[in-house]
Amino acid sequence: MSMPRAATSQERGGEAKKKEEIFTYNAPWDIYGMNWSVRPDRRFRLAIGSFIEEYSNKVQILQLDEDKGAFKERATFDHPYPTTKIMWVPDKTATHPDLLATTGDYLRIWEVQPGA
Numbered sequence: 000m001s002m003p004r005a006a007t008s009q010e011r012g013g014e015a016k017k018k019e020e021i022f023t024y025n026a027p028w029d030i031y032g033m034n035w036s037v038r039p040d041r042r043f044r045l046a047i048g049s050f051i052e053e054y055s056n057k058v059q060i061l062q063l064d065e066d067k068g069a070f071k072e073r074a075t076f077d078h079p080y081p082t083t084k085i086m087w088v089p090d091k092t093a094t095h096p097d098l099l100a101t102t103g104d105y106l107r108i109w110e111v112q113p114g115a
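Counting in numbering that gives the first Met the number 0, the sequence shown runs from 0 upward without gaps.
Rendered as structure tokens:
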């Protein structure tokens with residue numbers, strides 16, 4: 000017995016293009032910490048932290064390029080030790096400074112500049 004299914008937009012004669020729903024990003028190192036930004040003016044932005052077995056680690060800020068369907072690196076900065084936690088300021092109205100908190104050996108607060 001076959002189950003009924005909804006017609007796709009192309010079957011209904013629509014011109015709508017099917018959008019990707021799953022995106023991947025291959026970081027240059029193992030990822031240990033990550034967090035999504037909730038700012039409406041920076042849609043699909045993500046911060047990831049490296050796990051390198053050395054003192055010098057990295058944090059990358061990525062943002063989805065919706066036209067290309069791929070994540071684009073917006074910024075990278077050095078971070079002592081791996082990031083055990085990364086959190087964006089929970090600013091759903093985009094009225095506060097764009098802040099990112101990381102922990103490793105101690106708590107650090109970073110201000111993200113426009114364009115990153």
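Glycine included, C-beta positions come from ideal geometry on N, C-alpha and C.
Given the structure is predicted, the values throughout are model-derived calculations rather than measurements.
Whether Asn-25 touches Ile-85 by CB criterion (7 Å): no
According to DSSP, is Tyr-80 part of a helix, a strand, or is it coil? coil
Do Thr-94 and Thr-82 have their C-beta atoms within less than 7 Å of each other? no
Spatial neighbours of Phe-22 within its chain, please: CB distance less than 8 Å, with the 5 preceding and 5 following residues excluded, ordered by chain position. Leu-63, Gly-68, Ala-69, Phe-70
Using DSSP bridges, identify the partner residues of Asn-25. For Asn-25, which the question treats as bridged, DSSP gives no partner whatsoever.
Near Val-111, which residues of its chain fall below 8 Å by C-beta distance, leaving aside the five closest residues on each side in sequence? Ile-60, Ala-74, Asp-97, Leu-98, Leu-99
Identify which residue in Phe-43, Trp-28, Pro-27, Tyr-54 has its Cα closest to the Cα of Asp-66. Phe-43
Would you decide whether Ser-55 is buried or exposed? Buried here means 16 or more other CB atoms lie within 10 Å of its CB. exposed
Report the rounded CA-to-CA distance for Leu-45 versus Glu-20, giving the unit in angstroms. 16 Å
Please classify Glu-10: is it buried, with 16 or more other beta-carbons within 10 angstroms of its beta-carbon, or exposed? Only weak support exists for where Glu-10 lies, its pLDDT of 47 falling under 50; the value from the coordinates is given anyway. Exposed, by the Cβ-count rule.
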